[in-house]
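Everything below concerns the one structure shown next.
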Amino acid sequence: MKENEVKRLLLATTIAAVTALTTVACAGTAEQTATFSTSTEAATGDAGTDTPGPTGIPDGMGSGASDGVFPRTVGHFGGSTDIPAEPKKVVVIATGQLDAALTLGVVPTGAAYGDGADLVPDYISFSFPQYTDQLTQVVDVGNRQSVDIEAIAATEPDLILANKTGSEDIYPTLSTIAPTVLTEGTGVNWKQDFLLLADALGRTEQAQSFIDTFVSDAAALGNSVSGNGAPTVSFVRFTADRARVFGVPSFAGYIAWDAGLARPESQQFDKTSQDFSEEEIQLANADWVFVSSQDADADSSYTTNPLWTGMSAATENHIVRVDDDPWYLNAGPTAATIVLDGLKSALQS
1 MKENEVKRLL
11 LATTIAAVTA
21 LTTVACAGTA
31 EQTATFSTST
41 EAATGDAGTD
51 TPGPTGIPDG
61 MGSGASDGVF
71 PRTVGHFGGS
81 TDIPAEPKKV
91 VVIATGQLDA
101 ALTLGVVPTG
111 AAYGDGADLV
121 PDYISFSFPQ
131 YTDQLTQVVD
141 VGNRQSVDIE
151 AIAATEPDLI
161 LANKTGSEDI
171 YPTLSTIAPT
181 VLTEGTGVNW
191 KQDFLLLADA
201 LGRTEQAQSF
211 IDTFVSDAAA
221 LGNSVSGNGA
231 PTVSFVRFTA
241 DRARVFGVPS
251 FAGYIAWDAG
261 LARPESQQFD
271 KTSQDFSEEE
281 IQLANADWVF
291 VSSQDADADS
301 SYTTNPLWTG
311 MSAATENHIV
321 RVDDDPWYLN
331 AGPTAATIVL
341 DGLKSALQS
């Protein structure tokens, strides 16, 4: 019996049980709950030794192999996975992984999409015009919160990339289809997860070079606006049922931290985000406020409120509308560059 036929038989025995699990499994956004125990220096974005999130692959994980060397065994957040040869057909499930793969020059065979987002977000199409034709061929394997196991299997991948936050429960099933590597998930872990994903693809050095350049560019931004009167920044997202301000241990928050940008005193909390009501709008205020929305009604209800229009950021025309996909929905390296460029455009104007 051929190897692919064996895999299909194994898969058939597990799909029914997994279907129920996938309805709650594959988290849809970059910002699942995370906490950050921090000093005051780190919380405000001032120079400090603590970081909001990891900067490298955790001890005991990764392969230790040089770029391009296969086979390799990759330790990850689901265990340890043997990857016999350089992957050619890759399926990406979790937030930021389509972004990360493309940043490394790999066009996935299949991908999952986030809530309220396209399979290939506009920022991806804009950032990677060289892959326009290939991106039209990417197979839709379902919502990140409810992936289509059969669709994944039908692509006959030789590597599946997912994360622990969303796919831990279905990891055993995914592993019957192809070697599967789990990153950790959540936006604040984007550097670590990018490096671990790159290790599975045999491109760790390439990813590290990207991160080194990014951190240098972020520091340059911070240096350009430092000193007395350095601006504070705030990150706000509206969805149908929530209005949130994002803290330091979030995707955008970590990027601001890399740039040494300060946060308002009201935003020095140690979790990914905090909901706020219309009566609590002042929580969102800063010298500059970066806002995205997935729901026009919720957005309008808040942003036409006198408490919002009376914020100092509003009266000084320092509220910046941003693309939800890279800023709040996809914790990938190219998304991080877009966020950093947005901060530069506003703060250096």
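This note's numbering puts the first residue of the sequence shown at 1, with every later residue one more than the last.
No residue lacks a Cβ here, since even glycine has one placed at the ideal position from N, Cα and C.
{"Item": "Where F269 sits in the DSSP three-state scheme", "Value": "coil"}
{"Item": "Within 8 Å, strictly: CB atoms of V92 and P71", "Value": "no"}
{"Item": "Boundaries (first-last residue) of the alpha helix (DSSP H) holding L135", "Value": "132-135"}
{"Item": "Own chain partners of S312 with C-beta closer than 7 Å, once the 5 adjacent residues on each side are dropped", "Value": "N285"}
{"Item": "Within 8 Å, strictly: CB atoms of V322 and S292", "Value": "yes"}
{"Item": "T337 - containing beta strand (DSSP E), residue span", "Value": "Careful: T337 lies outside any beta strand (DSSP E), inside the alpha helix (DSSP H) at 333-347."}
{"Item": "Backbone CA spacing between A178 and V245 [nearest angstrom]", "Value": "39 Å"}
{"Item": "Backbone CA spacing between T73 and D158 [nearest angstrom]", "Value": "14 Å"}
{"Item": "6 Å CB neighbourhood of F269 in its chain, flanking five on each side removed", "Value": "G247"}
{"Item": "Bounding residues of the alpha helix (DSSP H) (the contiguous stretch that carries V225)", "Value": "204-225"}
{"Item": "Rounded Cβ spacing between G78 and L182 (contact assumed at less than 8 Å)", "Value": "4 Å"}
{"Item": "Three-state secondary structure (DSSP) of V188", "Value": "helix"}
{"Item": "Distance cut-off 7 Å: D287 Cβ against heavy atoms of the ligand NAP", "Value": "Absence of the ligand NAP from the depicted structure is noted, as is the absence of any ligand whatsoever, leaving it without description."}
{"Item": "Bridge partner(s) assigned by DSSP for H76", "Value": "G79"}
{"Item": "Helix, strand or coil at T315 [DSSP, three-state]", "Value": "helix"}
{"Item": "Rounded separation between T103 and D67 - CA only", "Value": "15 Å"}
{"Item": "Backbone CA spacing between Y113 and N228 [nearest angstrom]", "Value": "43 Å"}
{"Item": "Endpoints, beta strand (DSSP E) assigned at S292", "Value": "288-293"}
{"Item": "Paired residues, beta bridge with G143 - DSSP", "Value": "Just to set this straight, residue 143 is Asn in the shown sequence, not Gly. Looking at the DSSP assignment, N143 forms a beta bridge with Y113, S146."}
{"Item": "Closest Cα partner of E86 within the set T173, A101, D241, V69", "Value": "V69"}
{"Item": "Nearest neighbour of P52, chosen from W308, P249, T186 [CA to CA]", "Value": "P249"}
{"Item": "DSSP-derived helix/strand/coil call for I93", "Value": "coil"}
{"Item": "Beta-carbon proximity of L161 to G56, cut-off 8 Å", "Value": "no"}
{"Item": "Segment limits, alpha helix (DSSP H) that includes A296", "Value": "296-303"}
{"Item": "Identity of the residue in L283, T180, L119, L261 nearest E156 by Cα", "Value": "T180"}
{"Item": "Spatial neighbours of G310 in its chain, beta-carbon cut-off 6 Å, leaving aside the 5 residues before and after", "Value": "none"}
{"Item": "Bridge-paired residues (DSSP) for S63", "Value": "Looking at the DSSP assignment, S63 forms no beta bridge with any residue, so it has no partner."}
{"Item": "Extent of the continuous beta strand (DSSP E) to which F235 belongs", "Value": "233-239"}
{"Item": "Residue range of the alpha helix (DSSP H) that includes L174", "Value": "171-177"}
{"Item": "Residue of Y328, D118, E150 minimising C-alpha distance to Y254", "Value": "Y328"}
{"Item": "Start-to-end residues for the alpha helix (DSSP H) that takes in F126", "Value": "122-127"}
{"Item": "Assigned exposure category for G60 - 16 Cβ within 10 Å defines buried", "Value": "exposed"}
{"Item": "Backbone CA spacing between G28 and A331 [nearest angstrom]", "Value": "Bear in mind that a pLDDT of 43 at G28, under 50, signals an unreliable position, so the model cannot answer this."}
{"Item": "Inter-residue Cα distance where the pair is C26 and G110", "Value": "Because the pLDDT at C26 is just 38, under 50, the model does not fix this residue reliably, and the value given afterwards should be weighed accordingly. Each residue's Cα considered, the two are about 15 Å apart."}
{"Item": "Endpoints, the alpha helix (DSSP H) within which T165 is located", "Value": "164-167"}
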